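2 protein chains.
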Amino acid sequence: MPNPTAAMLVIGDEILSGRTHDSNTHHLAGRLTDAGIDLKEARVVSDDRDSIIKAVRDLASRFDHVFTSGGIGPTHDDITADCIAAAFEDTIDVRADARAILQDHYDAQGLELNAARLRMARIPSRAILIENPVSKAPGFILENVHVMAGVPRIFQAMVASVLPGLTGGDPLISETWRVDQGEGDIAAPLAELTRDHPNVSFGCYPFQKDGKFGANIVARSQDRQTLSAAFQALQETFPQ
Amino acid sequence: MPNPTAAMLVIGDEILSGRTHDSNTHHLAGRLTDAGIDLKEARVVSDDRDSIIKAVRDLASRFDHVFTSGGIGPTHDDITADCIAAAFEDTIDVRADARAILQDHYDAQGLELNAARLRMARIPSRAILIENPVSKAPGFILENVHVMAGVPRIFQAMVASVLPGLTGGDPLISETWRVDQGEGDIAAPLAELTRDHPNVSFGCYPFQKDGKFGANIVARSQDRQTLSAAFQALQETFPQ
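Protein chains in written order, with my numbering: chain U, 2 to 241; chain V, 2 to 241.
What follows is the structure in structure tokens.
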């Protein structure tokens with residue numbers, strides 16, 4: 002059975018302007034691979050209502066799971082929650098369960114749960130909350146979309162809390178073999194290996210070190226025996 | 002007049018599996034901002050023919066410029082050039098101009114221009130070549146799509162060679178002001194500033210340092226005078 006599929010949607014002008022480097026996609030990619038869920042697409046869109054709604058609808062209809070990052074804070078440009086509700090024609094308002102979490106948190110710090118902070122309790126009516134162990138303001142799951150914070154430490158904590166609830170497939174396992182030849186010499190024998198081992202995917206990642214060309218060849222499969230046979234053939238094709 | 006718009010398309014399973022971290026989008030984002038071209042969307046898709054063609058057509062129809070990275074090497078999974086040709090219903094084959102560049106390069110190194118390396122001379126018939134000062138295999142421009150290598154050093158060199166040929170708008174200029182308060186306290190006054198200065202965009206980027214909350218507020222505008230007035234108001238709203 003093929004693995005479940007997923008897409009990542011990063012929301013934020015600051016990524017597209019080059020101010021901030023997105024590290025959440027790379028983090029999610031690794032965790033999904035470990036879980037046997039295939040990340041098929043990643044997107045970054047700006048803090049624009051129409052762009053967010055269009056992207057969410059497109060990705061949610063094409064993949065089993067969608068993960069979003071960014072735009073759920075207290076400021077005026079944090080519009081993700083409202084856009085997700087609109088994408089699925091749900092209503093959205095301050096919800097008692099989310100409000101209670103924030104009230105406890107700010108009470109404990111002696112801070113006021115003001116109007117801006119209360120925006121973080123705006124949750125679509127049909128959504129399930131995602132716990133935020135770092136700064137309390139929750140994420141949420143609506144249909145197949147997981148809405149999470151953009152701050153990497155919070156994003157990672159939320160990923161860790163939602164992944165165990167998803168059914169994964171067999172994780173992809175991989176073996177890497179270093180070949181000290183240029184990619185142009187590797188390509189033909191590698192194409193032959195690819196034909197001979199249809200259930201293994203081979204990737205070729207060239208590098209240049211101390212003026213010499215080489216490449217790491219990565220063989221990937223969901224089945225350990227299939228991978229072993231292909232990896233042995235790979236080593237025999239490019240002996241060291 | 003609004004700035005020209007752009008999208009980035011990263012092609013490669015290795016990004017989606019978490020093996021490789023994409024740094025090209027961040028690089029392009031910064032260069033486009035300097036050039037007065039607005040990066041509106043970035044996408045990562047896998048080495049899959051249908052996914053690449055669909056993404057190229059969608060982005061090329063919605064934005065003034067598209068930049069791609071990855072999938073133009075000599076191996077079996079390098080299918081970007083063929084997909085771009087298909088997306089624009091152009092023919093593709095080994096082209097004499099690209100072949101001559103590779104022939105010179107490999108002759109000089111005493112290496113054979115074998116079938117695998119010759120794949121890198123496959124260029125759509127209507128495309129214009131992009132120079133590759135690092136490893137010679139050219140990129141190309143077809144319609145509004147700039148097709149470039151995935152290796153960061155080559156990608157950056159290609160960006161440097163194509164950007165001067167594009168007409169940009171007024172570059173976005175920005176000023177940053179650090180506020181030592183939590184985002185929840187900043188949000189309401191910041192929303193008021195946003196209303197008072199409609200031609201300036203304000204971004205709020207929270208941080209936590211030594212246990213204290215703060216945020217960098219970035220004001221951006223294409224006009225220096227407009228920005229100055231807004232930045233002065235920002236400083237007065239959040240005095241240090």
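Even for Gly, the Cβ is constructed at its ideal location relative to N, Cα and C.
On a predicted model such as this, the values are computed, not experimentally measured, just so you know.
Count the other C-beta atoms from every protein chain shown that fall within 10 angstroms of the C-beta of residue i, then say buried if there are 16 or more, exposed otherwise.
i: residue 136 of chain U; result: buried
i: residue 48 of chain V; result: buried
i: residue 225 of chain V; result: exposed
i: residue 197 of chain U; result: exposed
i: residue 186 of chain V; result: buried
i: residue 154 of chain U; result: exposed
Compute every distance between the C-beta of residue i and the non-hydrogen atoms of the ligand GDP, then say whether any falls below 7 angstroms.
i: residue 31 of chain V; result: With respect to the ligand GDP, the structure offers nothing, as it holds no ligand at all.
Give every residue of the same chain whose Cβ lies closer than 7 angstroms to the Cβ of residue i, excluding the five residues on either side of it in the sequence, and list them in chain order.
i: residue 228 of chain V; result: 174, 176, 201, 220, 222
i: residue 88 of chain V; result: 54, 57, 58
i: residue 85 of chain U; result: 57, 125, 143, 146, 148
i: residue 50 of chain V; result: 80, 84
Determine, using beta carbons only, whether residue i and residue j come nearer to each other than 8 angstroms.
i: residue 193 of chain U; j: residue 162 of chain U; result: no
i: residue 117 of chain U; j: residue 95 of chain U; result: no
i: residue 195 of chain V; j: residue 148 of chain V; result: no
i: residue 124 of chain U; j: residue 101 of chain U; result: no
i: residue 168 of chain V; j: residue 184 of chain U; result: no
i: residue 146 of chain V; j: residue 70 of chain V; result: no
i: residue 143 of chain U; j: residue 158 of chain U; result: no
i: residue 42 of chain V; j: residue 97 of chain V; result: no
i: residue 178 of chain U; j: residue 236 of chain U; result: yes
i: residue 208 of chain U; j: residue 216 of chain U; result: yes
i: residue 126 of chain U; j: residue 91 of chain U; result: yes
i: residue 172 of chain U; j: residue 30 of chain U; result: no
i: residue 156 of chain V; j: residue 4 of chain V; result: no
Quick one: Cα of residue i to Cα of residue j, how far?
i: residue 40 of chain U; j: residue 14 of chain V; result: 9 angstroms
i: residue 17 of chain U; j: residue 38 of chain V; result: 11 angstroms
i: residue 112 of chain V; j: residue 53 of chain V; result: 32 angstroms
i: residue 189 of chain V; j: residue 46 of chain U; result: 25 angstroms
i: residue 6 of chain U; j: residue 32 of chain U; result: 13 angstroms
i: residue 151 of chain U; j: residue 20 of chain U; result: 14 angstroms
i: residue 60 of chain U; j: residue 67 of chain U; result: 7 angstroms
i: residue 22 of chain U; j: residue 27 of chain V; result: 6 angstroms
i: residue 240 of chain V; j: residue 230 of chain V; result: 15 angstroms
i: residue 210 of chain U; j: residue 64 of chain V; result: 38 angstroms
i: residue 160 of chain V; j: residue 44 of chain V; result: 17 angstroms
i: residue 191 of chain V; j: residue 232 of chain V; result: 12 angstroms
i: residue 110 of chain U; j: residue 205 of chain U; result: 53 angstroms
i: residue 2 of chain V; j: residue 199 of chain V; result: 16 angstroms
i: residue 218 of chain V; j: residue 238 of chain V; result: 12 angstroms
i: residue 164 of chain V; j: residue 107 of chain V; result: 28 angstroms
i: residue 93 of chain U; j: residue 130 of chain V; result: 51 angstroms
i: residue 170 of chain U; j: residue 34 of chain U; result: 10 angstroms
Does any residue of chain U bring its CB to less than 8 angstroms from the CB of residue i?
i: residue 122 of chain V; result: no
i: residue 219 of chain V; result: yes
i: residue 115 of chain V; result: yes
Give every residue of the same chain whose Cβ lies closer than 8 angstroms to the Cβ of residue i, excluding the five residues on either side of it in the sequence, and list them in chain order.
i: residue 213 of chain V; result: 181
i: residue 73 of chain U; result: 79, 81, 82, 121, 138, 140, 148, 149, 150, 151
i: residue 234 of chain U; result: 194, 197, 198
Any Cβ of chain V within less than 8 angstroms of the Cβ of residue i?
i: residue 6 of chain U; result: no
i: residue 30 of chain U; result: yes
i: residue 15 of chain U; result: yes
i: residue 62 of chain U; result: no
i: residue 205 of chain U; result: yes
i: residue 242 of chain U; result: An answer regarding residue 242 of chain U cannot be provided, because it is not within the stretch 2 to 241 covered by chain U.
i: residue 101 of chain U; result: no
i: residue 75 of chain U; result: yes
Excluding the 5 residues flanking residue i on each side, which residues of the same chain have their C-beta closer than 6 angstroms to its C-beta?
i: residue 134 of chain V; result: 158
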